[in-house]
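In what follows, a structure is listed as structure tokens, so that the remarks can point back to it.
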Amino acid sequence: MISVEREPRQLIVAAALMVATALIQTIGVVVLEDLVWLWRSRVAEKTTLPRTLAVLSGVVLYLFALHLAQMSVWAALYLQVTTYPSLTVAMYESALAFTTMNVPQLPPTWRFLGPAEGIAGMLMFAWSTGVMLTQMSWVGEARRKYLRGRQRTSRSDS
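Under this note's numbering, the final residue of the sequence shown carries the number 707; numbering is consecutive throughout.
Here it is as structure tokens:
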């Protein structure tokens, strides 16, 4: 078993990749918040089921793309330090590590990167869960207000 003390560069590289992953998440979440802010008034004024589904599906797809971007950063390094035949294989190995489903097949001097990516993935998924709950919260509240307003309008019309 390789000693981490004898291979400090993998710790440094893992830390740098974790910072890069967090930066991608930070920038991505800020951009998402701005995009949602642009749509918020439109959705709130008429919160129909299709609009609700579109916003929430858009948030989920956006976060999925964000996680793919994060995995690709790790995959690009894996491609450099392994004999993976393609970026597709490196991306697959990265996705397994990011989702904590498996540890990528890395050379002994780079094995710490797999668990480090798993930690980064858990943190990013937790963060994304918070983002999704925030978006679902305002959409749900807007939908309730819209439906209450429609009920009042239909009662006053009758």
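Just so it is clear, CB atoms sit at the ideal spot from N, CA and C, and this is done for glycine as well.
Taking C-beta atoms as the reference points, glycine 670 and glutamine 629 fail to come closer than 9 Å.
It is roughly 7 Å from the alpha-carbon of serine 621 to the alpha-carbon of serine 643. If you draw a straight line from the Cα of proline 664 to the Cα of valine 652, it comes to about 7 Å.
Going by beta carbons, glutamine 559 and leucine 672 fall outside the 9 Å limit. Under the 10 Å beta carbon count, valine 592 is surrounded by 16 or more other beta carbons and is classified as buried.
Cβ atoms of leucine 605 and methionine 685 come within 8 Å of each other, at about 6 Å. Leucine 581 places its beta carbon less than 9 Å from that of valine 680.
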